[in-house]
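Residue numbers (this note's numbering): -14 to 69.
Notes follow once the structure below has been shown.
Given below as structure tokens:
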């Protein structure tokens, strides 16, 4: 399998530029098998992805998202607390 980024590079750059101009940029990642959702600042996600690509990994380990868990209540995702 070809090892490629999970999010297109131009999307990552857009989010980084948005953050530089004062916005809040983040990636929300859902692991459905364990029913957990993580919210990472764009810079953190970008670093995790680059590390995975350099290591030629086909996936990003869930342990990489430690400390960024978002509370879920049914279909409601309480992410605002993580963004602030």
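In this text, a Cβ means the ideal position worked out from N, Cα and C, and glycines have one as well.
Item to check | Where the beta strand (DSSP E) through residue 26 begins and ends | outcome: Position 41 of the chain shown, counting from 1, holds the residue named residue 26. It spans 21 to 26 - the beta strand (DSSP E) in which residue 26 sits, taken as one unbroken run.
Next on the checklist: Does residue 55 come out as helix, strand or coil in the three-state DSSP assignment?
Outcome noted: Translated into the one-based positions of the chain shown, residue 55 becomes position 70. Reduced to three states, the DSSP call for residue 55 is strand.
Item to check | Distance between beta carbons of residue 21 and residue 0, contact taken as under 8 Å | outcome: The sequence position of residue 0 within the chain shown is 15, counting from 1. The sequence position of residue 21 within the chain shown is 36, counting from 1. The Cβ separation is near 22 Å, so there is no contact.
Checklist entry - Where residue 11 and residue 42 are concerned, what is the direct C-alpha to C-alpha distance, given to the nearest angstrom? => result What you label residue 11 is simply residue 26 of the chain shown in a count that begins at 1. What you label residue 42 is simply residue 57 of the chain shown in a count that begins at 1. Cα-Cα distance, rounded: 22 Å.
Checklist entry - In angstroms, rounded to a whole number, what distance separates the CA positions of residue 31 and residue 47? => result Residue numbering aside, residue 31 sits at position 46 when the chain shown is read from its first letter. Residue numbering aside, residue 47 sits at position 62 when the chain shown is read from its first letter. Between residue 31 and residue 47, the C-alpha separation is close to 15 Å.
Checklist entry - residue -2: which of 13, 49 and 27 sits nearest, CA to CA? => result In the chain shown, counting from the first residue as 1, residue -2 sits at position 13. Of 13, 49 and 27, the residue nearest in Cα terms is 27.
Item to check | Boundaries of the alpha helix (DSSP H) in which residue 1 is found, first to last residue | outcome: The sequence position of residue 1 within the chain shown is 16, counting from 1. Its alpha helix (DSSP H) spans residues -6 to 5.
Item to check | Length of the line joining the Cα atoms of residue 5 and residue 17 | outcome: Taking the chain shown and counting its residues from 1, one reaches residue 5 at position 20. Taking the chain shown and counting its residues from 1, one reaches residue 17 at position 32. Whole-angstrom Cα-Cα distance: 31 Å.
Checklist entry - Around the Cβ of residue 49, are there at least 16 other Cβ atoms within 10 angstroms (buried) or fewer (exposed)? => result Counting from one through the chain shown, the residue named residue 49 turns up at place 64. By the 10 Å Cβ count, residue 49 comes out buried.
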